[in-house]
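At position 182 of the sequence shown (counting the first as 1) the number is 182 in the UniProt record's numbering, and the numbers step up by one without a gap. For glycine and all other residues, C-beta sits at the position ideal for the given N, C-alpha and C. Bear in mind that the values here come from a model prediction, so they are computed numbers and not experimental data. Okay, structure first, notes after.
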Amino acid sequence: MQSSYLRRLKHLAHYGAGSFVSSVTHSRLEHTLGVWKLTAHFFPDWNELRAAALLHDIGHLPFSHAIERTLGYNHHELTETYIQSDEIQTLLHKAGLASDQICDLLNKQSPLTGANDVLGLDHLDSFIRDSYMLGELNGSSFDLLSTLSCTDEGISTDAQTAEWILDLILKDHQMMHSPLLKAVDRLLSEAVRLHQLSVGDDVSFLIDAQLTATLLQSSSKKAQNIIHTLLFEPSRIQVSDIFSSEGLHVKKGKVYHRLPLIQGQSMSKSRQAESHTDHLNQLRKEYEITIL
Numbered sequence: 001m002q003s004s005y006l007r008r009l010k011h012l013a014h015y016g017a018g019s020f021v022s023s024v025t026h027s028r029l030e031h032t033l034g035v036w037k038l039t040a041h042f043f044p045d046w047n048e049l050r051a052a053a054l055l056h057d058i059g060h061l062p063f064s065h066a067i068e069r070t071l072g073y074n075h076h077e078l079t080e081t082y083i084q085s086d087e088i089q090t091l092l093h094k095a096g097l098a099s100d101q102i103c104d105l106l107n108k109q110s111p112l113t114g115a116n117d118v119l120g121l122d123h124l125d126s127f128i129r130d131s132y133m134l135g136e137l138n139g140s141s142f143d144l145l146s147t148l149s150c151t152d153e154g155i156s157t158d159a160q161t162a163e164w165i166l167d168l169i170l171k172d173h174q175m176m177h178s179p180l181l182k183a184v185d186r187l188l189s190e191a192v193r194l195h196q197l198s199v200g201d202d203v204s205f206l207i208d209a210q211l212t213a214t215l216l217q218s219s220s221k222k223a224q225n226i227i228h229t230l231l232f233e234p235s236r237i238q239v240s241d242i243f244s245s246e247g248l249h250v251k252k253g254k255v256y257h258r259l260p261l262i263q264g265q266s267m268s269k270s271r272q273a274e275s276h277t278d279h280l281n282q283l284r285k286e287y288e289i290t291i292l
């Protein structure tokens with residue numbers, strides 16, 4: 001937890017550029033520690049999985065997913081590269097673990113990711129944490145633990161708690177897929193793209209503050225204008241579902257389809273699951289962005 005790779009996560013926004021314009025401002029480290037804590041709770045003797053929980057996100061770029069997909073980075077590949085670093089390998093060796101073990105675990109289905117379309121520990125923490133920051137969390141996350149179990153497939157619970165989790169997933173998606181949050185992620189990635197075209201910097205291991213400062217001083221005036229807008233004048237951002245050739249195109253985003261088990265049984269074929277999936281898919285829209 002004192003390694004440079006873990007400490008760096010304290011300075012990456014979990015919600016991407018959405019941290020500029022929403023109340024969801026927690027760091028990638030806070031999420032990582034949450035996933036680790038859940039892993040330790042359910043699997044106290046599975047040291048490899050607990051190490052994987054700590055290391056699963058170290059490959060993220062500044063502002064997490066905001067710029068990764070648009071610019072063609074793969075944070076999973078970067079995570080493996082960083083796990084093979086001397087610093088991390090030395091720490092793992094002291095704990096009797098090998099970097100290859102952790103990489104292999106992260107590359108296959110496990111309780112972290114969930115298996116066979118079952119909700120895993122990684123996203124469970126995200127949905128609970130995001131909902132808390134949005135002010136949408138009804139009830140205590142500590143009370144929630146008493147209703148959950150976790151197997152190699154992922155999270156299992158009772159019908160009432162499963163419905164509550166589905167509601168958290170939907171509310172989080174409604175925010176993530178809102179026009180403004182889609183717009184700010186796309187604008188940030190465009191600013192980074194323009195900056196890289198002008199100077200060719202590799203931004204992959206920067207922290208959020210470094211990237212922000214770099215863009216404010218970029219040789220690209222367009223990149224400067226975008227980051228200034230995100231920081232100080234987000235009201236200038238206009239989002240429309242009417243398309244022209246003048247603005248930036250925002251593609252349809254991804255949705256999370258994995259579901260908790262109910263008493264160990266899949267709910268994927270239930271009417272409740274079908275309705276939930278329909279609601280998620282309706283959020284996937286394309287937009288065009290301009291700055292006034």
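For threonine 157, the enclosing beta strand (DSSP E) covers residues 155 to 157. Contact between isoleucine 207 and leucine 215 is ruled out by a C-beta separation of about 13 Å, above the 8 Å threshold. About 5 Å separates the Cβ atoms of tyrosine 5 and tyrosine 82, confirming a contact at the 8 Å cut-off.
Given a length threshold of 4 residues, each whole run of the alpha helix (DSSP H) inside the stretch 177 to 263 is given here in chain order: 179 to 199, 208 to 216, 221 to 232. Annotated three-state conformation of tyrosine 82 is helix, per DSSP. In the displayed model, threonine 32 falls within a helix according to three-state DSSP. Shown here, glutamate 286 sits in coil according to DSSP, grouped into three states, outside any helix or strand. Methionine 1 counts as exposed, since fewer than 16 other C-beta atoms from the protein chains shown sit within 10 angstroms of its C-beta.
C-alpha of alanine 162 to C-alpha of valine 255: approximately 18 Å in a straight line. When C-beta atoms of the stretch 59 to 67 are compared with those of the stretch 194 to 213, three or more pairs fall below 8 Å, so the two segments count as touching. When C-alpha distances from glutamine 84 are compared across Lys285, Ala52, Met133, Leu230, the shortest belongs to Ala52. For alanine 52, the uninterrupted alpha helix (DSSP H) run begins and ends at 47 to 55, by DSSP.
In this structure, histidine 14 sits near histidine 31, with a CB-CB distance shorter than 8 Å.
Rounded to whole angstroms, leucine 121 and alanine 159 show a C-alpha spacing of 18 Å. Three or more beta-carbon pairs separated by less than 8 Å link the stretch 216 to 235 to the stretch 181 to 200, which places the two stretches in contact. Sixteen is the threshold: since fewer than 16 other Cβ atoms of the shown chains lie within 10 Å of the Cβ of phenylalanine 232, the residue is exposed. A straight line joining the alpha-carbon of cysteine 103 with that of leucine 112 spans about 13 Å.
One Cα belongs to glutamine 263, the other to isoleucine 169, and the distance between them is close to 19 Å. Residue pairing for serine 270: DSSP places it in no beta bridge. Taking the C-beta atoms as reference points, histidine 65 is found no nearer than 8 Å to glycine 114. For serine 22, the three-state secondary structure derived from DSSP is coil.
Looking only at Gln89, Leu9, Ser23, Leu119, the smallest Cα-Cα distance to serine 268 is reached by Leu119. Three or more beta-carbon pairs separated by less than 8 Å are not found between the stretch 92 to 109 and the stretch 237 to 253, which leaves the two stretches without contact.
Judged by DSSP secondary structure, methionine 133 falls within the alpha helix (DSSP H) whose first and last residues are 121 to 134. In this structure proline 44 is exposed. Its beta-carbon is surrounded by fewer than 16 other beta-carbon atoms within 10 angstroms. As computed with DSSP, isoleucine 102 is found in no beta bridge at all.
By the CB criterion at 8 Å, threonine 157 and leucine 166 fall outside the cutoff. If you look at histidine 11, you'll find it isn't in any alpha helix (DSSP H); DSSP assigns it neither H nor E.
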